Each structure stands twice: as structure tokens, then as C-alpha cells.
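Participant:
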Amino acid sequence: MATSATNTSRPGHARLWRHSYRLGFSWLRRTARHGFKPGRKPGFQRLLVPLDPWRFYEMGVLADRPFNGRCLDVSSPKLLTSLLQREGSGDWLGIDLFTDEIAAWRAIDPALDLEVQNATSLPYDDNSFDTALSVSVVEHMGRGNDTTALREIFRVVKPGGMFYLTTMVAANSRDVFGGDEIYGNASERVDDERVFFEHVYSPAEFAELTQEAGWITTELEYAVQTKPKIQDRFYRWAPFSYILSPLLRIWFPRTIAMSSQSDVVTALPEGRSAVVNVTLVKPTQ
195 MATSATNTSR
205 PGHARLWRHS
215 YRLGFSWLRR
225 TARHGFKPGR
235 KPGFQRLLVP
245 LDPWRFYEMG
255 VLADRPFNGR
265 CLDVSSPKLL
275 TSLLQREGSG
285 DWLGIDLFTD
295 EIAAWRAIDP
305 ALDLEVQNAT
315 SLPYDDNSFD
325 TALSVSVVEH
335 MGRGNDTTAL
345 REIFRVVKPG
355 GMFYLTTMVA
365 ANSRDVFGGD
375 EIYGNASERV
385 DDERVFFEHV
395 YSPAEFAELT
405 QEAGWITTEL
415 EYAVQTKPKI
425 QDRFYRWAPF
435 SYILSPLLRI
445 WFPRTIAMSS
455 QSDVVTALPE
465 GRSAVVNVTL
475 VKPTQ
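Final position of the sequence shown in our numbering is 479; the numbers increase by one with none missing.
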């Protein structure tokens, strides 16, 4: 169950940053005698990279939202729901497709309620959650699966309930491929050299996706980086750049510009993406 709410006077990204260190050091104390197992990789990540660059915006904004009742997190980075649960902002159930991810986070935050589930086929009753959220997930599902997942989330959220969603958008939609099967068996290999990584939506395509699933948009905001080289260099120089990750707390929040207009996306240079942060509601009738 959720604990008593804590002081939330600090902005969401700052509280997430501090909570990451809190979880990391707690995990170290619990697992030291076992060779820092289970949860070694994400456990050390809590200390080395408390927040990835885009997460300062994506998760920081949602950390400042008021949540209550029974809430469903669909495969978001678990740091967000760990913080919300600790602060008493909703009673959370987190799901993920990957057993290893769930096992690791059970070791990092034993207080979290986590299950291995597929968002395209949820086992929960209709209208069983007050709220849902999903941070940077639907773009990795592939076209078709994304619509199915949004319809399933629609089904399990109560009428009048909210769904907070973030994903990647650009002037023109495109698929992004890599060479590695980052998501294991869930990764779709297109050919010998390419593995599907994510689909970047155009604003119109994203609007169609949410509408087809039955959702009504109540708020929408686009976020773009004003200094994208900071993120580019951070990942290019990894893992050596991790020593500088605490400085991201100072730099990165200052490089995000927000707008409610889609033209901020269409003005992006070719190949550049933005984040769309949308609040959806399930109609009462």
C-alpha cells in the first residue's frame, strides 16, 4: 500500500534523482553479502546514471501529477512508480513484459507491486483501475500492437479515468532499426542486419492512434531539446560519460522547450525527434 505522502516541494526530476540514489544505496546494503545480486545492472545504474537525459522531462512531469486510487503502470521505467508509491501518490501495480526486469526491480524496491504481463492482453477486469500511465513504451511495440495495447488499457481503466502517455514524435513518421535484439524475444528481426527498435510517430498519426483506441485528449504538450549535443555526447562517450551524469541534473532540464503546438515538431531538423506528453481520458458514456 502507499505510504504517507512526503515533501514534494522539489520538482519531480529532482525528487526522482534523489530517489534513485536512495534506492541504489539501499540495494547495495541488502545485496552486498550476496555479491550484489539480484538486480546488479539496474541496481548500479541507480547510482551511476540516476536519470537518463530524456527522463528528466518525461518522468519529472509525471512525478508532479496528483495520483490516487488504484493505478496501473504499463512498462514505464520503474523509478517513477517507485517514487510515486513512496510519496503516497496512488496505489500502484507495475507490469512489464520481461521477467528479468521484474525480478531486478523486486530486488531494488521490494515495496513495489510488480507483475509480468503483456500490455496487448491484460488479465484484469474491465474498469478496474482509476488511472494508468506509460512512459516511452508504445513506440517499441510496433504498429498494430500499439493500438491493441491502448485499447486494452482503455478497457481496464474506469470511465472518467485518466491515462498519461509519453512517446516519440517527429515531423514525419518512421521506423528506427538497430542491429541488436535489445528486447530479447520481443524484438522483431526484419532481416539479417536490422532489428526493429521503435516507431516515431507524426503528430497526426499519434492523434489517430489514441482516437482509434477510444481515448479523448484533454492535455497535450510537445518537448524538444534546444541543445541535443548534450544527450548525443553523453551516449556516445558511455560508459566514460557516466562520471558526469550527476551534472545532467543541472544541464538537461534547462535544454527542454515545451509547446502545445505541433509546428514545434514540424520545425525539427531531419532525423530529430521530440517527446509528446499527453493526458487522455476515458469517456463516461
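Yeah, the Cβ is synthetic: ideal placement off N, Cα and C, and Gly gets one too.
Everything numeric in this text was worked out from a predicted model, so none of it was measured.
Out of curiosity, what's the CA-to-CA distance linking Q405 and G336?
Facilitator: Stepping through the sequence shown from its first residue, residue 405 is reached at position 211. Stepping through the sequence shown from its first residue, residue 336 is reached at position 142. Between Q405 and G336, the C-alpha separation is close to 17 Å.
Participant: Taking the alpha-carbon positions, what's the Y436 to A301 distance?
Facilitator: For the purposes of this step, residue 436 is identified with residue 242 of the sequence shown, where counting begins at 1. For the purposes of this step, residue 301 is identified with residue 107 of the sequence shown, where counting begins at 1. Spanning the two alpha carbons is a distance of roughly 23 Å.
Participant: If we ignore side chains and look at the alpha-carbon of each, how far apart do A502 and F400 end up?
Facilitator: Lying outside 195 to 479, the shown extent of the chain, residue 502 is not represented and no answer is given.
Participant: What distance in whole Å lies between the Cβ atoms of W221 and G237, which are believed to be in contact at a cut-off of 8 Å?
Facilitator: The sequence position of residue 237 within the sequence shown is 43, counting from 1. The sequence position of residue 221 within the sequence shown is 27, counting from 1. Sure, about 4 Å apart at Cβ, within 8 Å.
Participant: Tell me L266's beta-bridge partners as DSSP assigns them.
Facilitator: The residue labelled residue 266 in the question sits at position 72 within the sequence shown. According to DSSP, which records beta bridges pairwise, L266 is partnered with L287 and A326.
Participant: Please give me, in chain order, every unbroken run of the beta strand (DSSP E) with length at least 3 that falls completely inside the stretch 429-458.
Facilitator: DSSP runs (the beta strand (DSSP E)) wholly in the stretch 429-458: 450-453.
Participant: Taking DSSP as the reference, what is the three-state secondary structure of K235?
Facilitator: Residue mapping note: residue 235 aligns to position 41 of the sequence shown, counting from 1. In the structure shown, K235 sits in a helix (DSSP, three-state: H, G or I).
Participant: Could you spell out where the beta strand (DSSP E) holding E392 opens and where it closes?
Facilitator: Against the sequence shown, residue 392 aligns to sequence position 198. Its beta strand (DSSP E) spans residues V389 to V394.
Participant: Tell me the DSSP secondary structure of I347 in three-state form.
Facilitator: On the sequence shown, position 153 is the one that residue 347 refers to. Three-state result, I347: helix.
Participant: Below 7 Å CB to CB, which residues in the same chain sit around T449 once its five sequence neighbours on both sides are set aside?
Facilitator: For the purposes of this step, residue 449 is taken as residue 255 along the sequence shown, with counting starting at 1. Taken in chain order, the residues that qualify are Q419, T420, K421 and I424.
Participant: In terms of residues, what are the limits of the beta strand (DSSP E) holding I410?
Facilitator: The count along the sequence shown starts at 1 and reaches residue 410 at position 216. Start and end: I410 to Q419.
Participant: Using the C-alpha atoms, what's the distance from V384 back to A493?
Facilitator: Since the first and last residues shown for the chain are 195 and 479, residue 493 lies out of range.
Participant: Less than 8 Å between the beta carbons of L266 and F323, yes or no?
Facilitator: Locating residue 266 in the sequence shown gives position 72, where the first residue counts as 1. Locating residue 323 in the sequence shown gives position 129, where the first residue counts as 1. In contact: L266 and F323 (Cβ atoms closer than 8 Å).
Participant: L245 and L442 - do their beta-carbons sit closer together than 8 Å?
Facilitator: Residue numbering aside, residue 442 sits at position 248 when the sequence shown is read from its first letter. Residue numbering aside, residue 245 sits at position 51 when the sequence shown is read from its first letter. In contact: L442 and L245 (Cβ atoms closer than 8 Å).
Participant: Measuring straight from C-alpha to C-alpha, what distance separates T361 and F219?
Facilitator: Indexing the sequence shown from 1 puts residue 361 at position 167. Indexing the sequence shown from 1 puts residue 219 at position 25. Distance between the alpha carbons of T361 and F219: 30 Å.
Participant: Is DSSP giving Q479 helix, strand or coil here?
Facilitator: In the sequence shown, counting from the first residue as 1, residue 479 sits at position 285. In the structure shown, Q479 sits in coil (DSSP, three-state: anything other than H, G, I, E or B).
Participant: Going by the DSSP bridge assignment, what does D369 pair with across the sheet?
Facilitator: Residue numbering aside, residue 369 sits at position 175 when the sequence shown is read from its first letter. D369 is bridged to H393.
Participant: Tell me, to the nearest whole angstrom, how far the beta carbon of D369 is from that of H393; I am working on the premise that it is less than 8 Å.
Facilitator: Against the sequence shown, residue 369 aligns to sequence position 175. Against the sequence shown, residue 393 aligns to sequence position 199. At roughly 5 Å, the Cβ-Cβ gap stays under 8 Å, so D369 and H393 are in contact.
Participant: Excluding the 5 residues flanking G254 on each side, which residues of the same chain have their C-beta closer than 7 Å to its C-beta?
Facilitator: Taking the sequence shown and counting its residues from 1, one reaches residue 254 at position 60. Taken in chain order, the residues that qualify are P205, G206, H207 and L210.
Participant: Between the beta-carbon of V472 and the beta-carbon of L414, is there less than 8 Å?
Facilitator: Along the sequence shown, read from residue 1 onward, the residue named residue 472 stands at position 278. Along the sequence shown, read from residue 1 onward, the residue named residue 414 stands at position 220. Closer than 8 Å, so yes.
Participant: Taking 8 Å as the cut-off, decide whether the C-beta atoms of G355 and A298 are in contact.
Facilitator: The sequence position of residue 355 within the sequence shown is 161, counting from 1. The sequence position of residue 298 within the sequence shown is 104, counting from 1. Going by C-beta atoms, G355 is not nearer than 8 Å to A298.
Participant: Is it buried or exposed, A468, if we count other Cβ atoms within 10 angstroms and call 16 or more buried?
Facilitator: Numbered from 1 along the sequence shown, position 274 holds the residue referred to as residue 468. Buried is the call here.
Participant: My guess is that A380 and E346 are in contact by the Cβ rule of under 8 Å, so how many angstroms apart are they, rounded?
Facilitator: Here the question's residue 380 lines up with position 186 in the sequence shown. Here the question's residue 346 lines up with position 152 in the sequence shown. So it is not a contact: roughly 16 Å between Cβ atoms.
Participant: Can you tell me where the alpha helix (DSSP H) with E295 in it begins and where it stops?
Facilitator: The count along the sequence shown starts at 1 and reaches residue 295 at position 101. From DSSP, the alpha helix (DSSP H) with E295 extends over T293 to I302.
Participant: In three-state DSSP terms, what is N312?
Facilitator: Walking along the sequence shown from the start, residue 312 turns up at place 118. In the structure shown, N312 sits in coil (DSSP, three-state: anything other than H, G, I, E or B).
Participant: Once you ignore the five residues that flank P353 on each side, which residues in its own chain have a CB closer than 6 Å to its CB?
Facilitator: Here residue 353 is taken as the residue at index 159 of the sequence shown, counted from 1. Hits under 6 Å: K476 and T478.
Participant: Going along the chain, which residues of its own chain have a beta-carbon closer than 6 Å to the beta-carbon of L287, five neighbours each way excluded?
Facilitator: Looking up residue 287 in the sequence shown gives position 93. Contacts found: L266 and D307.
Participant: Just list the residues that DSSP pairs R383 with in beta bridges.
Facilitator: As a first step, residue 383 must be located in the sequence shown, where it is residue number 189. Answer by DSSP bridge pairing, in chain order: V389.
Participant: Is S454 near the ligand ZN - that is, is its Cβ less than 7 Å away from at least one heavy atom of it?
Facilitator: The ligand ZN is not part of the structure shown, which contains no ligands of any sort.
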